[in-house]
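J.: All the letters of the sequence shown, read from the start, carry residue numbers 2 to 195 under my numbering. C-beta: ideal position from N, C-alpha, C; glycine also.
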Amino acid sequence: MTTNDSSKRNGPGRPRDAEAADALKAAAIRLVRDRGYSRVTIGALTDAAGVSRQTLYNRWPSKAELVMDAFYDAASVNVPNPGPDVPGETALTQFLSEIFEHLKRDGDCLRSLVAAAQDDTDFRDVFWQRFVAPRSTIVKDLLRRSQTRGELAPDRDIDILSNMIHGAFWYRSLNGQPLGVREAQLIARDVFRQ
C-alpha cells in the first residue's frame, strides 16, 4: 500500500479515489450551473463524472450533500475573514465585496440552490449548515469585535445587524439586482452609522 491519500483504506472495501470525488464535485458544479439544482439527477452526476452510483453514495448520502460539498469547496476560496485589526466598516466592506464577486459568478446557481431549499427540508438544513451559517458566524464575529472596540454602540443587537446585512444582499441577489463594491460600501456605512 502506498502513502498516497487516495489509496489509504478508511475501513472495509476498496480504497477511496480522490479523483472520483473531484470529478463528482466538478460535475455537480457544472450541472447545477447549467440546469439548476432541481433538474440534476444522481444519474446525471455519475454519468458526467464517469463513476458509478455506488462511488457517489460511498462518499455522500445524498445529492444535497454532494452539491453543497462542491459549492462549499468552491465558495470557501472566496470567503474572506478580515483580520481582527481591520476596522469594522472596512472589514465588512471587504467581506461583502468578496461575497458579491462570488454571487456575480454563481448568482444563478445560488438562486437555484435557495429555491431548492424552499421545497426540500433536508437540503435546506444542509444549505444552512454548510453555506449560510459559516458566513453568518464571520459577520457576527466581525460585528462583536467592532462593538468591543467601540466602533458600534454597545446596545446594537448583533444578531439583528447580521440578519439585516444578509437580508440586504440576499434580497438584491434573489431579485437580480446588481451587487458590487458600491453596495458593499453602502451597507457597511449604514451598519456602522452611530
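Can you find the residues in the same chain that come closer than 6 Å, C-beta to C-beta, to L144, ignoring five residues on each side of it along the sequence?
T.: Position 143 of the sequence shown, counted from the start, is the residue given in the question as residue 144. The residues are I159 and L162.
J.: Give me the residue from Q195, R194 and V182 with the minimum Cα distance to L97.
T.: As a first step, residue 97 is located in the sequence shown; it is residue number 96 there, counting from the start. Answer by Cα proximity: V182.
J.: I'd like the list of long-range same chain contacts for S113, defined as Cβ closer than 6 Å, with 5 residues on each side in sequence excluded.
T.: As a first step, residue 113 must be located in the sequence shown, where it is residue number 112. Counting only Cβ-Cβ distances below 6 Å, and skipping sequence neighbours, we find G37 and Y38.
J.: As an exercise, report each continuous alpha helix (DSSP H) stretch of at least 4 residues that is fully enclosed by the segment 104 to 146, in chain order.
T.: Counting only runs of 4 or more, we get 122 to 128.
J.: Do you know how far the Cα of V52 is from the Cα of G89?
T.: Here residue 89 refers to the residue found at position 88 when the sequence shown is read from its first residue. Here residue 52 refers to the residue found at position 51 when the sequence shown is read from its first residue. Answer to the nearest angstrom: the Cα atoms are 46 Å apart.
J.: Any contact of the segment 124 to 137 with the segment 54 to 71, i.e. 3+ C-beta pairs under 8 Å?
T.: Contact holds: three or more Cβ-Cβ distances are below 8 Å.
J.: What's the C-alpha gap between R40 and R173?
T.: Position 39 of the sequence shown, counted from the start, is the residue given in the question as residue 40. Position 172 of the sequence shown, counted from the start, is the residue given in the question as residue 173. Approximately 24 Å, taken between the alpha carbons.
J.: Can you have a look at R146 and say buried or exposed, based on whether 16 or more other CB atoms are within 10 angstroms of its CB?
T.: Sequence index remark: in the sequence shown, residue 146 carries index 145 (1-based). So R146 ends up on the buried side.
J.: Let me know the secondary structure DSSP gives A28 once reduced to three states.
T.: Taking the first residue of the sequence shown as position 1, residue 28 is located at position 27. A28: helix per DSSP, three-state reduction.
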